[in-house]
Amino acid sequence: MAGFRLSALAGMLVLGSAASAQDRPYTPALTCQTVRGLVERAGAVTLSTSANAYERVLRTGGACTGDTSAAPAFVPARDDPSCFAGYRCRQRNTDTSY
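So the mapping is simple: the numbering used here equals the position in the sequence shown, first residue as 1, plus 64.
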């Protein structure tokens, strides 16, 4: 019975990892055109750029709000190491104490 539980738990972990991978397309495995198409269709998408790094990319910079501003988002793609995918929101530097 313990072996079955361990197998079931291992299976859930594998499925959970696969679901996470689907939620965050891995850009080094995709062409630049595919990456740009994903962002264009979704409007905003979280892209994995390596095994441990990801970022949210937006179709337009106008989606940034509050104390953030738009900056170009370049990601590694299969055919372009610096593929323009869209925009990301960056925190504005509001420190004027220097």
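All C-beta atoms in this analysis are idealised placements derived from N, C-alpha and C, irrespective of residue type, glycine included.
Please return the same chain residues whose Cβ sits closer than 6 Å to the Cβ of residue i, not counting the five positions on each side in sequence.
{"i": "residue 134", "result": "125, 128, 151"}
Got a sec? Which residues, its chain only, sit under 7 Å from residue i by beta carbon, not counting five neighbours each side?
{"i": "residue 120", "result": "108, 110, 152"}
{"i": "residue 102", "result": "89, 109"}
{"i": "residue 93", "result": "142"}
Using the C-alpha atoms, what's the distance from residue j back to residue i?
{"i": "residue 97", "j": "residue 154", "result": "24 Å"}
{"i": "residue 156", "j": "residue 132", "result": "5 Å"}
{"i": "residue 149", "j": "residue 117", "result": "15 Å"}
{"i": "residue 136", "j": "residue 91", "result": "16 Å"}
{"i": "residue 123", "j": "residue 145", "result": "19 Å"}
{"i": "residue 105", "j": "residue 138", "result": "18 Å"}
{"i": "residue 114", "j": "residue 140", "result": "9 Å"}
{"i": "residue 95", "j": "residue 112", "result": "14 Å"}
{"i": "residue 147", "j": "residue 87", "result": "20 Å"}
{"i": "residue 70", "j": "residue 130", "result": "Residue placement at residue 70 is flagged as unreliable, the pLDDT there being 49, under the threshold of 50; a coordinate-derived value is accordingly withheld."}
So, is residue i buried or exposed, given that buried needs 16 or more other C-beta atoms within 10 angstroms?
{"i": "residue 100", "result": "buried"}
Q | Complete runs of the beta strand (DSSP E) confined to the region 80 to 121 [at least 3 residues] | A | 108 to 112
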